[in-house]
Amino acid sequence: KEKHKILHRLLQNSTSPVEL
Amino acid sequence: PEAADLRALARHLYEAYLKYFPLTKAKARAILSGKSGDNVPFVIHDIKSLMEGEQLINNGQTSFQEHNIGSDPPDGVELRFFYSCQSRSAEAVREVTEFAKSIPGFVNLDLNDQVTLLKYGVIEVLILMMSPLMNKDGTLISYGQIFMTREFLKSLRKPFCQMLEPKFDFSVKFNTLELDDSDMALFLAVIILSGDRPGLLNVKPIEQLQETVLHSLELHLKINHPDSLQLFAKVLQKMTDLRQMVTDHVQLIQLLKKTEVDMFLHPLLQEIMKDLY
């Protein structure tokens, strides 16, 4: 899970471009 | 009733595609063929026009500087342009993720499998989605505001000049199939729902979802392209080329990491490419 934390975050909520 | 369900699925995915992807094939082709009214792209064909266009590139998307507060933008036109591409790619990964979530049943899959499907599918999807933006002479970038010539890209130093050339070759061939945005929406979903990605925990439900989307795509292509023989089979064959291109692309990025000492790779793209193939 740690290895793909941004993907996890993108899947679980809508992340704005700035947060990327 | 089954056919009606498949048609409804095609409509649903097309609507999601229009919602999440800002530059459709219809818009891109209008721009490329000069039929978009005042919407004439700025052409980058040499270093001078690149410098002028850089302002536009960075207005159209989050710039490199915003991602690296405190670090100076690196020297060299190639690296600067490469960072712009990375920013746009990271944003595109977000768009593809939102699209994936709109595929019926996707969010009910095991979360780890959702991650795996995106990790392995997203670069294939991004490369495929470049096709509508490309013709044999160049590509639209920055949401269609800029047209960058193929010759200019080929003139960049190695290995930057090698990054897009295979995508042009693929796109020119793929574009002869003349898929429209509604066809693309279904094809993207088929790619995302590949049950043979390494490390998947629960393959069966993924294959079932893909099977339904495949039926929907087959029916949709028959209705949308009644005169195009074997189009379904031809479209599916492209999946092999896409996988090969991703492998080659990731290898080039690994090479860049070794040769460009100062190179910064976007954390999201790092996550995706790490241990990919």
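In order, the protein sequences belong to chains A and B.
Residue 1 in our numbering sits at position 1 of the first sequence; the count goes up by one each step and never skips.
Residue 260 in our numbering sits at position 240 of the second sequence; the count goes up by one each step and never skips.
Backbone N, C-alpha and C fix where the C-beta goes; we use that ideal spot for every residue, glycine too.
Note that the coordinates shown come from a computational prediction; the quantities given were computed from them, not determined experimentally.
Quick check on this structure: which residue in the options has the alpha carbon closest to the alpha carbon of residue i?
i	options	result
leucine 206 of chain B	B:Leu131, B:Ser175, B:Phe119, B:Leu76	B:Phe119
lysine 5 of chain A	B:Ala112, B:Lys45, B:Gln134, B:Phe102	B:Gln134
alanine 28 of chain B	B:Leu249, B:Val255, B:Ser236, B:Leu288	B:Ser236
leucine 33 of chain B	B:Ser107, B:Phe126, B:Glu111	B:Phe126
leucine 153 of chain B	B:Gln271, B:Tyr297, B:Thr44, B:Glu144	B:Thr44
lysine 14 of chain B	B:His245, B:Ser122, B:Gly57	No information on residue 14 of chain B is available, as it lies outside the stretch 21 to 297 that chain B covers here.
leucine 26 of chain B	B:Asp216, B:Lys156, B:Leu241	B:Leu241
arginine 9 of chain A	B:Arg114, B:Gly219, B:Lys174, B:Gln182	B:Arg114
threonine 279 of chain B	B:Asp58, B:Phe180, B:Phe101, B:Lys156	B:Phe180
aspartate 130 of chain B	B:Asn222, B:Leu256, B:Glu35	B:Asn222
leucine 11 of chain A	B:Lys178, B:Asn132, B:Leu148	B:Asn132
glutamate 2 of chain A	B:Asp295, B:Glu291, B:Tyr297	B:Glu291
histidine 65 of chain B	B:His286, B:Lys294, B:Ser175, B:Leu249	B:Ser175
leucine 289 of chain B	B:Tyr140, B:Ser53, B:Glu22	B:Tyr140
leucine 315 of chain B	B:Leu199, B:Asp157, B:Glu35	Nothing can be reported for residue 315 of chain B, as the shown portion of chain B is limited to 21 through 297.
proline 42 of chain B	B:Leu249, B:Ala24, B:Gly164	B:Gly164
proline 124 of chain B	B:Gln257, B:Glu35, B:Val270	B:Glu35
leucine 272 of chain B	B:Phe102, B:Gln182, B:Ser53	B:Gln182
leucine 296 of chain B	B:Met259, B:Val266, B:Ala30	B:Val266
alanine 23 of chain B	B:Val281, B:Lys224, B:Ile243	B:Ile243
leucine 256 of chain B	B:Leu199, B:Ser53, B:His269	B:Leu199
histidine 269 of chain B	B:Val142, B:Phe252, B:Asp247	B:Val142
What is the C-beta distance between residue i and residue j, in whole angstroms, given that I count them as a contact (C-beta under 8 Å)?
i	j	result
glycine 211 of chain B	proline 61 of chain B	Position check: residue 211 of chain B holds isoleucine in this sequence, whereas glycine was assumed. Not a contact, Cβ separation roughly 28 Å.
isoleucine 316 of chain B	valine 116 of chain B	No statement about residue 316 of chain B is possible, as the shown extent of chain B runs from 21 to 297 and does not include it.
serine 162 of chain B	isoleucine 77 of chain B	5 Å
glutamate 144 of chain B	arginine 263 of chain B	7 Å
leucine 7 of chain A	leucine 138 of chain B	6 Å
aspartate 201 of chain B	alanine 46 of chain B	6 Å
isoleucine 226 of chain B	leucine 213 of chain B	6 Å
threonine 136 of chain B	glycine 219 of chain B	5 Å
methionine 149 of chain B	threonine 159 of chain B	Between threonine 159 of chain B and methionine 149 of chain B the Cβ distance is about 12 Å, and since that is not below 8 Å, they are no contact.
methionine 283 of chain B	leucine 99 of chain B	7 Å
histidine 245 of chain B	leucine 251 of chain B	5 Å
Closer than 8 Å is the cut-off here; do at least three beta carbon pairs connect the region 231-244 of chain B with the region 169-187 of chain B? Because the criterion of three Cβ pairs below 8 Å is not met, the region 231-244 of chain B and the region 169-187 of chain B do not touch.
For the region 47-74 of chain B, which segments carrying the beta strand (DSSP E) assignment without a break, of at least 3 residues, lie completely within its bounds, in sequence order? Listed in chain order, they are 62-64.
Do the region 63-73 of chain B and the region 178-196 of chain B touch if we need at least three Cβ pairs shorter than 8 Å? The region 63-73 of chain B vs the region 178-196 of chain B: no contact.
Closer than 9 Å between beta carbons: that is the criterion. Which residues of the region 120-136 of chain B meet it against chain A? Against chain A - using a Cβ distance shorter than 9 Å - the residues of the region 120-136 of chain B are Ala120, Lys121, Val127, Leu131, Asn132, Gln134, Val135, Thr136.
Does the pairing of the region 98-112 of chain B with the region 191-198 of chain B give three or more beta-carbon distances under 8 Å? Here the region 98-112 of chain B does not lie against the region 191-198 of chain B, with fewer than 3 beta-carbon pairs under 8 Å apart.
Start-end ranges of the beta strand (DSSP E) lying completely within the region 162-221 of chain B, minimum 3 residues: Within the region 162-221 of chain B, the complete beta strand (DSSP E) runs of at least 3 residues are 166-169.
Relative to chain A, which residues along the region 277-288 of chain B have a C-beta separation below 9 Å, given in chain order? Residues His286, Pro287, Leu288.
Please list the residues of the region 203-233 of chain B that have a C-beta atom closer than 7 Å to any C-beta atom in chain A, keeping them in chain order. Closer than 7 Å at the C-beta level to chain A, one finds no residue of the region 203-233 of chain B.
Taking a cut of 7 Å between CB atoms, which residues from the region 138-152 of chain B lie near chain A? Look at the region 138-152 of chain B: the residues with a C-beta under 7 Å from a C-beta of chain A are Leu138, Lys139.
Counting only runs that start and end within the region 97-170 of chain B, where is the beta strand (DSSP E) found for 3 or more residues in a row? Entirely contained in the region 97-170 of chain B, the beta strand (DSSP E) runs reaching 3 residues are, in chain order, 158-161, 166-169.
In the region 266-293 of chain B, which residue ranges form an unbroken alpha helix (DSSP H) of at least 4 residues, counting only runs that do not cross its ends? Fully enclosed alpha helix (DSSP H) runs of 4 or longer: 287-293.
Given a limit of 7 Å on CB to CB distance, which residues of the region 30-45 of chain B reach chain A? So the list is empty, because no residue satisfies the distance condition.
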